[in-house]
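Before any comments, here is the structure.
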Amino acid sequence: MRFFRYRKPSLKTTIGVTKAKKRLKKKVGITKALKPLRAPTNLRRRLKRKAGYYSPPARLLRKGRFRTPFGRR
-14 MRFFRYRKPS LKTTIGVTKA KKRLKKKVGI TKALKPLRAP TNLRRRLKRK
36 AGYYSPPARL LRKGRFRTPF GRR
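Using my numbering, read the sequence shown as starting at -14 and increasing by one per residue.
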């Protein structure tokens, strides 16, 4: 178990609503039904990753900020 969290869990997560919804969606098969609709977005993201769009230097150019051991600066 983790003792330190960046954010506290939401009330829904704590009482189990989120897990129940995920279980229901998996049982019904909604994820498989919607899989083809996610393909274009995933392809776009894959191409960006190959091109280096998400690399630290590219992020620095886009956002103008950089990461340090103490968080963003």
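Just so you know, even glycine gets a beta-carbon here, dropped at the ideal spot from N, CA and C.
| query | result |
| --- | --- |
| So, under 8 Å CB-CB, K10 and T16 are touching, yes? Tell me the CB distance rounded to an integer number of Å. | 6 Å |
| What is the DSSP secondary structure of R12, counted as helix, strand or coil? | Note that residue 12 is Lys in the sequence shown, not Arg. Three-state DSSP puts K12 in a helix. |
| Does DSSP put K(-3) in a helix, a strand or coil? | helix |
| Is Y39 near K48, with beta carbons less than 8 Å apart? | no |
| Determine the direct distance from the alpha carbon of R31 to that of R44, and round the result to whole angstroms. | 16 Å |
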